[in-house]
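Engineer: Protein sequences appear in the order of chains A and B.
For the first sequence, my numbering begins at 816 and goes up steadily by one.
For the second sequence, my numbering begins at 185 and goes up steadily by one.
Virtual Cβ for every residue (Gly too), placed ideally from N, Cα, C.
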Amino acid sequence: MNLLAVSINHRTAPVELREVLHLSEDEIRDFIRRIKGTILNEGVVISTCNRTEVYGLPNNSNLTHKDLQNSLLNLKPVKELKPEHFQNYFSDEAIKHLFSVATGIDSLLIGDNQIFKQVKDSFEIAEESKFVGFLMKRIFDSTVKAGKRAITETQISEGAVTVSYAAVQLIEKIYSNLSKKAALVIGAGETGEIAAKHLKERGIGRLAITNRTIERAEKLAESLNAKIIPFNHFKDFLHEYDIVLSATSAENLILTKEDIKASMKKRNYNPCVFMDIAIPRDIDPEVKNIDYVFYNDIDSLNIIVQQNLVKRKEEIPKVESIINEEASSFLSWYNSLEAAPTIKNLRDFFESIRSEEVDKNKNRFSADDQEKLEIVTKRIINKILHHPTVELKKYTESNINSGDAAMRISIIKELFGIDKKNIKEE
Amino acid sequence: MKDIIDFSNILLPFLYIITFIFYSYDFMKGGNRFVNSKRLFLFLTILFHLFYLLLRTINFDHPPITNVFEIFTVLAFAISFTYFILELVTDIRGTGPFIIIISIIFQTISTFYIQDLVQVKEVLRNHLLGIHVFTALIGYSAITISAVYGLLYLILYKDIKLNKFGLIFDRLPSLDILEKLSFYSSVIGFVFLTWTIIIGIIWLPKAFPKFSYTDPKLIGTFLVWVLYGVGISTKIFGKWQGRKVVVLSIIGFLIAIMSTILTNFLAKSFHSFY
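1. Which residues in the same chain have their Cβ closer than 6 angstroms to the Cβ of residue 851 of chain A, if we skip the five residues on either side of it in sequence?
2. Which residue wins for smallest C-alpha separation from residue 259 of chain B, given the options B:321, B:189, B:289, B:397?
3. Could you tell me which chain B residues have their CB closer than 9 angstroms to the CB of residue 931 of chain A, listed as they occur along the chain?
4. I need the straight-line Cα distance from residue 1231 of chain A to residue 878 of chain A, nearest angstrom please.
5. Can you check whether the C-beta of residue 358 of chain B is within less than 9 angstroms of a C-beta belonging to chain A?
6. Below 8 angstroms on C-beta distance, what does residue 345 of chain B contact in chain A?
7. Would residue 297 of chain B be called buried (16 or more neighbouring beta carbons within 10 Å of its own) or exposed?
8. Counting only C-beta atoms, is residue 129 of chain B closer than 9 angstroms to chain A at any point?
9. Under the rule that 16 or more other beta-carbon atoms within 10 Å means buried, what is residue 196 of chain B, buried or exposed?
10. Would you kindly work out how many angstroms separate the C-alpha atoms of residue 911 of chain A and residue 1206 of chain A, rounded to a whole number?
11. Taking only runs of the alpha helix (DSSP H) that begin and end inside the stretch 349-384 of chain B, which ones reach a length of at least 4 residues, in chain order?
12. DSSP beta-bridge partners for residue 291 of chain B?
13. Compare the Cα-Cα distances from residue 864 of chain A to each of A:923, A:888, A:841, A:915 and report the closest residue.
14. Please work out which residues of its chain come closer than 6 angstroms, Cβ to Cβ, to residue 326 of chain B, disregarding the five sequence neighbours upstream and downstream, and give them in chain order.
15. Use the C-beta contact count for residue 914 of chain A: other C-beta atoms within 10 angstroms, 16 or more gives buried, fewer gives exposed.
16. By how many angstroms is the C-alpha of residue 892 of chain A removed from the C-alpha of residue 821 of chain A?
17. Output needed for residue 1021 of chain A: all residues of its chain with C-beta closer than 6 angstroms, excluding positions within five of it in sequence on either side, in chain order.
18. The beta strand (DSSP E) spanning residue 872 of chain A covers which residue range?
19. Would you give the residue range spanned by the beta strand (DSSP E) that residue 185 of chain B belongs to?
20. Could you give the residue range of the beta strand (DSSP E) that holds residue 857 of chain A?
21. Mind checking if residue 903 of chain A is an interface residue toward chain B, Cβ cutoff 9 angstroms exclusive?
22. Is DSSP giving residue 1160 of chain A helix, strand or coil here?
23. Would DSSP call residue 1047 of chain A helix, strand or coil?
24. Note down, in chain order, all residues in the stretch 1109-1140 of chain A with a beta-carbon under 8 angstroms from any beta-carbon belonging to chain B.
25. Using a 10 Å radius around the Cβ and a threshold of 16 neighbouring Cβ atoms, would you call residue 951 of chain A buried or exposed?
26. If you drop the 5 nearest sequence neighbours on each side, which residues of the same chain put their C-beta closer than 7 angstroms to that of residue 1239 of chain A?
27. What three-state label does DSSP hand residue 822 of chain A in the structure shown?
28. Identify the contact partners of residue 990 of chain A in chain B, using a Cβ-Cβ distance below 7 angstroms as the criterion.
29. Can you tell me whether residue 1082 of chain A is helix, strand or coil according to DSSP?
30. Along chain A, in chain order, which residues have C-beta atoms closer than 8 angstroms to that of residue 422 of chain B?
31. Use the C-beta contact count for residue 506 of chain B: other C-beta atoms within 10 angstroms, 16 or more gives buried, fewer gives exposed.
32. Ordered along the chain, which non-local residues of its own chain (more than five positions away) have a Cβ less than 7 angstroms from that of residue 268 of chain B?
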């Protein structure tokens, strides 16, 4: 299979270069318009913050990975970019790489299931741009199947791997139903915003936000349908909240042990969770000694993150075996498409040589012998082609090593110069 | 039939142990390898246990509730059966090993010491005794389960407080759920023990001439009943919750166990007066 793929990703290039090569949805559509029909007949372009990748079937057999890289750089020129910043894949290796990306094992954050959605979106863009043909459609189906199997059959996406998500996971180990709980987020910066969004996603009953600059709190509160509490008075309302998540950039402690003791008393010692995800810390760590107070800071949440990452890494071999199975099943299907026309073309090729030579030389034989000549030469061709035909037929069977089969079919085609145009015409 | 009963008596602890292994494997490995088969095996074990109890009732002409070792096998059955229903209703499967091990303990003691009594005192054939023992059994099963969930609550509470995120943290349901499971079980236990005590107080003095209010079992059960009553009412009225109620439930269970051991192993009967 003639599938080419080029990738610039978190393993090959620093973030500054990846940023420059990142393509927005409109840029992807523009890029597809530029390369469709001139460089690639069909393909897909994936671009996230950690990778930009182009997969496709080249317009002619002389096109190489370099041409694909150049077409990308024509759209987004980057002087600093060197060949080693790209990874190149061909045929079954390209398929396996695409499956690795979709299943999340190639992600910076192993098992990140965002990428699965991003890959699906990329195929949708390609489809809308009429860049997806018969073969890419089948590749897409197999990619989705591999991605879904990885999620359902393994634990590659299980457990929180970011601090703010770990905080939510821990909160859910204390409260079973967040819809009956109230949460206060102190600090409306990036970390606070992510944590507040996680809480909202998990169905928190009431959400309130407090921030030194009220405008920022208002903006976040509006997008999350949350209440705003003035920063100067938030301690007066502390006891009303079951979850307090602090993520400010304050230099000193915002909540002391005394503040929380007073709040717990007002709550009649109903359990309360304090998540301090700020550096330096916002809440006095001594509060963990108060009964029914569950206190966690970044360090303790990182323990959960690290444990989950280790567990995800342990799942990689299972995902790899799914990738191999799905790649093998795809390539078997592909080979079955390739093998039958190859047999026919091979036989046609030999027959054309035979008939040409017989026509050229038959006048040297008597009329009786000419007929024998036809029979004998046909028999020779049949005998020569018997074994290769049997072998090629085997490649249509599903239990054969698909990578091997694809390689052998392409060697046969190359050795005998069987033109691809012939196959398409057939 | 006697051979079948004897064979079943020996087989039962092994069936519970195998079920325990299934549940423990999934708990330790965190997978769902036996997610349905473990539940099926528990169901079959309970069914076999029920068959054994029926055989005993038919063969010895009385339900197996006339002495402590007969009651232990019914208790083992009741605890596992209650857990099975709880698992079906809540779909919380991570706590199985901690409950099934209690059934293993009761059934193993019963298997070793149970006797094939055919002759039973006429007083023990009274149907009020049936209700008294039945309510007591459900009450004790419920407080046993309440105590197990209470203990799991305390372990998870400590682990979260100390930032220990190990097996317990990964596999157990949330603190909230453990507290609820412990509390609801204790309410069921309290209601049934109330009936046990009421029936006991009405019927026991009439049935047994030697009846005494100083019987350790009676005092123990009454103490347990008071403790659960205090725990439940403080929780309902919002004065106490969480750890304090759970600790009360565990203390109640320990007193119940101690009073049973004291009466049965010192006085060698279920109550001191017979």
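Structural biologist: Based on what the coordinates show:
1. Counting from 1 along the first sequence, the entry for residue 851 of chain A is found at position 36. Result list for residue 851 of chain A: 946, in chain order.
2. Position 75 of the second sequence, counted from the first residue, corresponds to residue 259 of chain B. Minimum Cα distance to residue 259 of chain B is reached at B:321.
3. On the first sequence, position 116 is the one that residue 931 of chain A refers to. None at all; the shortest Cβ gap to chain B is about 22 angstroms.
4. As a working mapping, residue 1231 of chain A is identified with position 416 in the first sequence. As a working mapping, residue 878 of chain A is identified with position 63 in the first sequence. Rounded to whole angstroms, residue 1231 of chain A to residue 878 of chain A spans 21 angstroms at the Cα level.
5. Sequence index remark: in the second sequence, residue 358 of chain B carries index 174 (1-based). Look at residue 358 of chain B: its C-beta is under 9 angstroms from a C-beta on chain A.
6. On the second sequence, residue 345 of chain B is found 161 positions in, with the first residue counted as 1. 1103, 1109, listed in chain order.
7. The residue you call residue 297 of chain B lines up with position 113 of the second sequence. Classification of residue 297 of chain B: exposed, given that the 10 Å Cβ count is below 16.
8. In the structure as shown, chain B begins at 185 and stops at 458. Residue 129 of chain B is therefore absent and cannot be evaluated.
9. Taking the second sequence and counting its residues from 1, the one referred to as residue 196 of chain B is at position 12. Label assigned to residue 196 of chain B: buried.
10. Within the first sequence, numbered from 1, the residue matching residue 911 of chain A stands at position 96. Within the first sequence, numbered from 1, the residue matching residue 1206 of chain A stands at position 391. If I take the Cα positions, the gap works out to 26 angstroms.
11. You should have 351-355.
12. Translated into the one-based positions of the second sequence, residue 291 of chain B becomes position 107. Paired residues: none, contrary to the question.
13. In the first sequence, residue 864 of chain A corresponds to position 49, counting from 1. Nearest of A:923, A:888, A:841, A:915 to residue 864 of chain A, Cα basis: A:923.
14. Within the second sequence, numbered from 1, the residue matching residue 326 of chain B stands at position 142. Closer than 6 angstroms at Cβ, skipping near neighbours: 369, 372, 373.
15. For the purposes of this step, residue 914 of chain A is identified with residue 99 of the first sequence, where counting begins at 1. The residue is buried, with at least 16 neighbouring Cβ atoms inside 10 Å.
16. As a working note, residue 821 of chain A is residue 6 in the first sequence. As a working note, residue 892 of chain A is residue 77 in the first sequence. Cα-Cα distance, rounded: 16 angstroms.
17. Taking the first residue of the first sequence as 1, we reach residue 1021 of chain A at position 206. Around residue 1021 of chain A: 997.
18. Indexing the first sequence from 1 puts residue 872 of chain A at position 57. Here the beta strand (DSSP E) through residue 872 of chain A covers 866-873.
19. As a first step, residue 185 of chain B must be located in the second sequence, where it is residue number 1. Looking at the DSSP string, residue 185 of chain B is not in any beta strand (DSSP E), and its letter there is neither H nor E.
20. On the first sequence, position 42 is the one that residue 857 of chain A refers to. Residues 855-862.
21. Along the first sequence, one-based indexing puts residue 903 of chain A at 88. Not closer than 9 angstroms to any Cβ of chain B, the Cβ of residue 903 of chain A fails to qualify, so no.
22. Numbered from 1 along the first sequence, position 345 holds the residue referred to as residue 1160 of chain A. In the structure shown, residue 1160 of chain A sits in a helix (DSSP, three-state: H, G or I).
23. Within the first sequence, residue 1047 of chain A is the residue found at index 232, counting from 1. In the three-state reduction of the DSSP assignment, residue 1047 of chain A falls in the helix class.
24. Along the stretch 1109-1140 of chain A, the positions whose C-beta sits under 8 angstroms from a C-beta of chain B are 1109, 1111, 1115, 1118, 1119, 1122, read in chain order.
25. Mapped onto the first sequence, residue 951 of chain A falls at position 136. Taking all protein chains shown into account, residue 951 of chain A has 16 or more neighbouring C-beta atoms within 10 Å of its C-beta and is therefore buried.
26. Numbered from its first residue, the first sequence carries residue 1239 of chain A at position 424. Per-residue confidence for residue 1239 of chain A stands at a pLDDT of 42, beneath the threshold of 50, marking its modelled position as unreliable; no derived number is given.
27. Position 7 of the first sequence holds residue 822 of chain A. Residue 822 of chain A falls in the strand class under three-state DSSP.
28. Numbered from its first residue, the first sequence carries residue 990 of chain A at position 175. The answer, in chain order, is 358, 360.
29. Indexing the first sequence from 1 puts residue 1082 of chain A at position 267. Looking at residue 1082 of chain A - three-state DSSP - the assignment turns out to be coil, as it is neither helix nor strand.
30. Numbered from its first residue, the second sequence carries residue 422 of chain B at position 238. What residue 422 of chain B touches in chain A: 1083.
31. Outside the displayed range of chain B (185 to 458) lies residue 506 of chain B, so it cannot be described from this structure.
32. If you number the second sequence from 1, residue 268 of chain B lands on position 84. Cβ within range, chain order: 226, 227, 230.
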